[in-house]
Amino acid sequence: MEGTRFRLFPQPHFLDSFSEPETVVVSSIAGTLAPGPSDDRMYTIFPIGKKQPYGISPDGSDVLAPPWMGAIEAPAMPDAEGHFDYLEPGTPQFETAHLFGTVRFVMDIWEEYFGRIIPWQSDKTHDRVELTILPSLENAYSGYGFIEMGGDRKNGGYKPFSLNFDVIAHELGHAIIYSEVGVPDPENVTGEYFGFHESAADLVALISSLHFNSLVDLLLENTHGNLYMLNAVNRIAELSDNKQIRIAANDKRLGEFAKGWVKEHHLSQPLTGAFFDILVDLFHEMLLDYGAISAEMEDLSDQLLATADYAPVMQELFDEAYAAQPDKFKLALLDARDILGTYLADTWQRINRRDLNFVDIAEIFLEVDQEHTGGRFERLIRGNFKLRDIGYVDVGPQLKPLGKDSHANSVRTMVPMD
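Taking this note's numbering, the leading residue of the sequence shown gets 2, the next gets one more, and so forth.
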């Protein structure tokens, strides 16, 4: 039986390389999705007249929570065969379909990695999660029973997050972690818990984006396999041609936070960077397996990493190797993507939110590798965590109260009282 077709933008549509959406097929059997789109786990709406986002009301007198009971834009309708890929950008119906299609697409990916259905945190009290669009919101949130998309007005004009795959996937990453690991325990929460949360959400977005054929092809065409070039995959929640919220291929080390931390987004970067480096090393291992690069080339890459000689020396070697066997480069990247995704899913299911620290994550990740391969990748995993000071430096205290831009103590962490 055929799944349901949607058209999604792999990266923000205002970027020239991604101005046209890509057709994807999600797991929902064609004809089973209702208007909205909606199904038995979630529904999508574009409210009319909704003045403020879900959460505590401005005067502090009430908590606003789904479901929205007011008027909504006309829902997106499936075509005669049950698909939504006929919808054109520029309409509320395309926006709602893009939001729903992205959430279903990303959930498909991570439920495959988890090997099971991922429950919503709110399943005990809500029949379904509400996916909602609120243009007046200059942010995006996943909260208890909802995912709410605003937009960006910082760079001129209005850019809806409902059309930004990375932002939606990032928010869904938070929802997955709140379901699998849990909300922070006020009595035992650590700064590293907050950093881990942001890192995990970024990794969900990054790995999910690598499931678009067009993005993978463009990535390899632009880099020839040298993933340390600035490229589409390591731009997280990109908002313009030259501005990124965070970059996965970063050089941040945990030692920078030995005296303390202020923003959880910054604290997440050493962990995200370690996992990006692991992705690159896994890619190189797969290239070796396929015979697409030599052992000498891989060794040279390791030796030159983080030196000024890396780019000029390695790029020429990658250019030659990619030109000879481009298909094997694509297979190797997809293999590395799926190894990392599976390992992360296995790791996240075992993490204890109490007193969580990056060392725990590293050790569990190593245990997962031992179970899957007998420890084949232990050396490269340990090396990348060491490079980021993980296991060698303790994170210092929180130096300032969390700011308004923090998501740690926001609507995301609000849950119903008994």
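Where a beta carbon is used, it is the ideal one built from N, C-alpha and C, also for glycine.
- Asp-320 and Leu-367 have their C-alpha atoms some 32 Å from each other.
- In this structure, DSSP gives Met-150 an extended state, which the three-state scheme calls strand.
- One Cα belongs to Thr-348, the other to Val-104, and the distance between them is close to 22 Å.
- Distance check between Met-70 and each of Phe-85, Ile-46 and Thr-92 places Ile-46 closest, using alpha-carbon atoms only.
- Here Gly-151 is actually not in contact with Glu-131; their C-beta atoms are around 15 Å apart, not less than 8 Å.
- Exclusion of the five residues before and after Pro-76 leaves Pro-36 and Gly-37 as the residues of its chain whose Cβ lies within less than 6 Å of its Cβ.
- In the DSSP assignment, Val-314 falls within the alpha helix (DSSP H) that extends over 311 to 325.
- Taking Leu-9 as reference, the option from Gln-371, Glu-89 and Glu-199 with the minimal CA-CA separation is Glu-89.
- Contact between Pro-67 and Leu-216 is absent: CB atoms are separated by about 32 Å, not below the 8 Å threshold.
- Inclusion of Leu-289 and Ala-296 in the CB contact set at 8 Å is warranted, their separation being smaller than that value.
- Residue range 23 to 30 is occupied by the beta strand (DSSP E) that includes Ile-30.
- Put simply, of Gly-392, Ala-250, Gly-102 and Arg-377 the residue whose alpha carbon is nearest the alpha carbon of Glu-286 is Arg-377.
- Burial check for Ala-325: the Cβ neighbour count within 10 Å stays below 16, so the residue is exposed.
- As far as DSSP is concerned, Pro-11 takes part in no beta bridge.
- When C-beta atoms of the segment 198 to 216 are compared with those of the segment 335 to 346, three or more pairs fall below 8 Å, so the two segments count as touching.
- Taking C-alpha positions only, Leu-280 is separated from Leu-341 by approximately 7 Å.
- The alpha-carbon of Ala-307 is positioned some 39 Å away from that of Val-27.
- With respect to Glu-149, Tyr-55 sits close: the two C-beta atoms are nearer than 8 Å.
- A distance of 8 Å or more separates the beta carbons of Leu-357 and Val-263.
- Here His-127 has Gly-146 as same chain residues with Cβ atoms under 6 Å from its own Cβ, once five neighbours each way along the sequence are excluded.
- Glu-82 and Ser-29 have their alpha carbons spaced roughly 13 Å apart.
- A Cβ-Cβ distance of about 6 Å is found for the pair Asp-40 and Leu-34, placing them in contact under the 8 Å criterion.
- Rounded to whole angstroms, the gap between the alpha carbons of Ile-391 and Pro-398 is 16 Å.
- The DSSP-derived three-state label of Glu-82 is coil.
- Put simply, the backbone Cα of Arg-389 is about 4 Å away from that of Arg-254.
- Arg-355 and Asn-223 have their C-alpha atoms some 43 Å from each other.
- In the three-state reduction of the DSSP assignment, Trp-262 falls in the strand class, which pools E and B.
- Between Val-64 and the set Glu-74, Gln-53 and Ile-73, the nearest pair of CA atoms involves Gln-53.
- Straight through space, the alpha carbons of Ile-294 and Asp-336 are spaced by roughly 15 Å.
- The Cβ atoms of Leu-268 and Gly-196 lie closer than 8 Å to each other.
- Arg-351 carries a coil assignment under DSSP once its states are collapsed to helix, strand and coil.
- Taking all protein chains in view, the Cβ of Ser-163 is crowded by 16 or more other Cβ atoms within 10 Å, so the residue is classified as buried.
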